[in-house]
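Residue numbers (our numbering), protein chains in the order written: chain A, -2 to 204; chain B, -2 to 204.
Backbone N, C-alpha and C define an ideal beta-carbon position, used for all residues, glycine too.
Please read the structure below before turning to the comments.
2 protein chains.
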Amino acid sequence: MARKPLTKPRKHASQERSRATVDALIEATARILVREGFDKASTNRIAEVAGVSVGSLYQYFPGKDALVAAVIERHHQEIMQVVRAALAEIASQPVKKGVRRLVAAAIEAHRIDPKLHRVLAEQIPRTGRLENVEAFNRETYALFRTYLEGHSDEIRMVDLGLAAFVCGTSIEALTHTAVLHRSDMLSDEAVGKLVDETTRLVVGYLQ
Amino acid sequence: MARKPLTKPRKHASQERSRATVDALIEATARILVREGFDKASTNRIAEVAGVSVGSLYQYFPGKDALVAAVIERHHQEIMQVVRAALAEIASQPVKKGVRRLVAAAIEAHRIDPKLHRVLAEQIPRTGRLENVEAFNRETYALFRTYLEGHSDEIRMVDLGLAAFVCGTSIEALTHTAVLHRSDMLSDEAVGKLVDETTRLVVGYLQ
DNA sequence: GGAAAATAAGAGCCATCGCTCACATTCTAT
DNA sequence: ATAGAATGTGAGCGATGGCTCTTATTTTCC
Chain A
-2 MARKPLTKPR
8 KHASQERSRA
18 TVDALIEATA
28 RILVREGFDK
38 ASTNRIAEVA
48 GVSVGSLYQY
58 FPGKDALVAA
68 VIERHHQEIM
78 QVVRAALAEI
88 ASQPVKKGVR
98 RLVAAAIEAH
108 RIDPKLHRVL
118 AEQIPRTGRL
128 ENVEAFNRET
138 YALFRTYLEG
148 HSDEIRMVDL
158 GLAAFVCGTS
168 IEALTHTAVL
178 HRSDMLSDEA
188 VGKLVDETTR
198 LVVGYLQ
Chain B
-2 MARKPLTKPR
8 KHASQERSRA
18 TVDALIEATA
28 RILVREGFDK
38 ASTNRIAEVA
48 GVSVGSLYQY
58 FPGKDALVAA
68 VIERHHQEIM
78 QVVRAALAEI
88 ASQPVKKGVR
98 RLVAAAIEAH
108 RIDPKLHRVL
118 AEQIPRTGRL
128 ENVEAFNRET
138 YALFRTYLEG
148 HSDEIRMVDL
158 GLAAFVCGTS
168 IEALTHTAVL
178 HRSDMLSDEA
188 VGKLVDETTR
198 LVVGYLQ
């Protein structure tokens, strides 16, 4: 069988020009998702907004899904940076203070790009190659569990995996819902209240 | 202007035959969503699976969205029946017992048709006419808040709206995630543990 | 300077999808 | 029995979308 050098290289960029093209495509995808919604994000439109041709698009991405996946990946990296930083910071802090800081970080993370976060959560079908959204949550759980292990003397529970699941899921759900669906909870005062309540919920549960 | 009797009547069914058609269409939509996923649910395919022609489909539904909306509606009615029953039952029970019963009901509700629930949660773009998924949650919150108001003497908090938000969001997130993404938590034993923990989380927070 | 590799362009193929419409069949009521 | 309403049929139109392929331009390297 002969090779297919023409269609195959749909992969890496090496020159600077092409890296710019790749960036423009990802950025355009994100913009369209936010401004026009998922079903307007056709490959033709993405290329158009990126100021690039469809042909170029398919040089670097095997299809539409890959573009969306790249946007998700980028967004999750940003979020995880905030979360990891917070977890590192609280490693040696007592539970009450640590959880409080973590809740604040969760809100901060959701505020990085709420509109994009919302589209990703509500409009992207989690199917096929896009179902690894959970994998990202697993990392958070694992990290938080490690934190709990280092503070097991402050905690009444035995099953720290379960504890991490309960706390992690609650914190994520509360901050996610508040930031994305309750604009009435976004004043500084209301956010403070939310942090208070969530912290109380979690700390009360752990101790 | 002349009337357009041909295209207009796309609405109600009166004979029994047509009611069967409508049911078959909704049922077919649900089946396809579960077995093949959202993007396979084209109007042609739905009609085919329902054993009906596309033309008939458009006699009763203005479009694909309406079909999906009907499936969502039916599913939510089933869920709300369980939730409302539980809330009615606990109305005069103390918080600890009541919350426990409510958590069990939430799990029960998610178990009615987990596969469909998952598809609805993960694959249906919440856009346009389909964004009223939240309205359904609001009812639960309102009902739960009413319960809390009747037991305010057992509760430390002042802002019962906020309390209902925190508790409702947590219960929903925990039961949803456990049933749909943690098959390891579905043994009788694990479910019991989950109910215990969720109840403790919420009751500890309220009191 | 020039060949070859890398990158970009974009017209257009092909498949699919939502939906219509002209027509066929069945039901209801007189 | 039969008119007319209700219901059912399905080929196919128009639009759109994903993606390919040929051709053009730019960059690299000698």
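Buried versus exposed, by CB contacts within 10 Å (16 or more), residue i
i, result
"A:I168", "buried"
"B:V80", "buried"
"B:T166", "buried"
"A:R32", "exposed"
"B:A88", "exposed"
"A:V200", "buried"
"A:E194", "buried"
"B:P59", "exposed"
"A:A25", "buried"
"A:A186", "First, the residue type needs correcting, since residue 186 of chain A is Glu and not Ala in the sequence shown. Exposed is the call here."
"A:T4", "With a pLDDT of 36 at A:T4, under the threshold of 50, the modelled position of that residue is not reliable, and the figure given next carries that caveat. A:T4 comes out exposed."
"B:A132", "exposed"
"A:E70", "exposed"
"B:R14", "exposed"
"B:A217", "No answer is possible for residue 217 of chain B: it lies beyond the span of chain B, which begins at -2 and ends at 204."
"A:L191", "buried"
Member of the options whose CA lies at the smallest distance from the CA of residue i
i, options, result
"A:V100", "A:L117, A:V19, A:A82 and A:D62", "A:A82"
"A:T18", "A:F35, A:R32, A:D36 and A:L64", "A:L64"
"B:G95", "B:H148, B:V49 and B:I76", "B:H148"
"A:I76", "A:D110, A:L157 and A:H178", "A:D110"
"A:A161", "A:R14, A:Y144, A:V176 and A:V192", "A:Y144"
"B:N129", "B:S89, B:H73 and B:K112", "B:H73"
"A:T196", "A:L113, A:L157, A:C164 and A:G158", "A:C164"
"A:V155", "A:Y202, A:Y57 and A:E86", "A:Y202"
"B:R135", "A:E186, A:A85, A:A21 and A:H178", "A:H178"
"A:L198", "B:S180, B:V188, B:L159 and B:M182", "B:L159"
"A:I43", "A:V188, A:K61 and A:L157", "A:K61"
"A:D150", "A:P122, A:R28 and A:Q204", "A:Q204"
"A:D20", "A:R108, A:L54 and A:L117", "A:L54"
"A:A67", "A:A27, A:G34 and A:Q120", "A:A27"
"B:G52", "B:Q12, B:L22, B:R97 and B:E70", "B:L22"
"A:R108", "A:S15, A:S184, A:R16 and A:R14", "A:S184"
"A:F35", "A:E186, A:L113 and A:L157", "A:L113"
"B:L117", "A:L117, A:V116 and A:P122", "A:P122"
"B:K93", "B:L30, B:I152 and B:R14", "B:I152"
"B:G125", "A:R126, A:E119 and A:T124", "A:E119"
"A:R16", "A:V176, A:S39, A:Q56 and A:L157", "A:Q56"
"B:V188", "B:E146, B:L30 and B:R97", "B:R97"
"A:Q90", "A:M182, A:V192 and A:E146", "A:E146"
"A:V176", "A:R115, A:L127 and A:L157", "A:R115"
Contact list for residue i against chain B, beta-carbon separation under 8 angstroms
i, result
"A:Y138", "Simply none; closest approach about 11 angstroms."
"A:E131", "H178"
Proximal chain A residues relative to residue i, where beta-carbon distance stays under 9 angstroms
i, result
"B:A170", "T166, S167, E169, A170, L171, H173 and T174"
"B:L198", "V163, C164, S167, L198, V199, G201 and Y202"
"B:K190", "D156 and L159"
Contacts that residue i makes with chain B (C-beta to C-beta distance below 9 angstroms)
i, result
"A:E105", "Result: empty, since nearest Cβ-Cβ is about 19 angstroms, beyond 9 angstroms."
"A:F35", "P122 and T124"
"A:E186", "Neighbours of A:E186 on chain B: none; closest Cβ ~12 angstroms, over 9 angstroms."
Beta-carbon neighbours of residue i, restricted to chain B and to distances below 7 angstroms
i, result
"A:K94", "None at all; the shortest Cβ gap to chain B is about 19 angstroms."
"A:E146", "Within chain B, no residue comes near A:E146; the closest Cβ sits about 18 angstroms away, beyond 7 angstroms."
Contact set between residue i and chain A, taken where Cβ atoms lie within less than 7 angstroms
i, result
"B:E194", "L159 and V163"
Proximal chain A residues relative to residue i, where beta-carbon distance stays under 8 angstroms
i, result
"B:E13", "Result: empty, since nearest Cβ-Cβ is about 37 angstroms, beyond 8 angstroms."
beta-carbon residue i near the ligand PLP non-hydrogen atom, thresh 8 angstroms
i, result
"A:N41", "No copy of the ligand PLP appears in this structure; indeed no ligand is present at all."
Is it true that the stretch 104 to 112 of chain B meets the stretch 172 to 192 of chain B, where meeting means three or more beta-carbon pairs spaced less than 8 angstroms apart? The stretch 104 to 112 of chain B makes contact with the stretch 172 to 192 of chain B: 3 or more CB pairs, one atom from each, lie closer than 8 angstroms.
Inter-stretch contact (C-beta, 8 angstroms, three-pair minimum) for the stretch 45 to 62 of chain B and the stretch 131 to 144 of chain B: Judged by Cβ distances under 8 angstroms, the stretch 45 to 62 of chain B makes no contact with the stretch 131 to 144 of chain B, as fewer than three pairs qualify.
To test your reading of the DSSP string, which unbroken alpha helix (DSSP H) runs of 4 or more residues are found completely within the stretch 70 to 114 of chain A? DSSP runs (the alpha helix (DSSP H)) wholly in the stretch 70 to 114 of chain A: 92 to 107.
Runs of 4 residues minimum, wholly inside the stretch 6 to 58 of chain A: which ones carry the alpha helix (DSSP H) assignment? Counting only runs of 4 or more, we get 13 to 33, 40 to 47 and 51 to 57.
Please list the segments of the alpha helix (DSSP H) lying wholly inside the stretch 120 to 187 of chain B, counting only runs of 4 or more residues, in order along the chain. Qualifying alpha helix (DSSP H) stretches, in chain order: 130 to 146 and 157 to 178.
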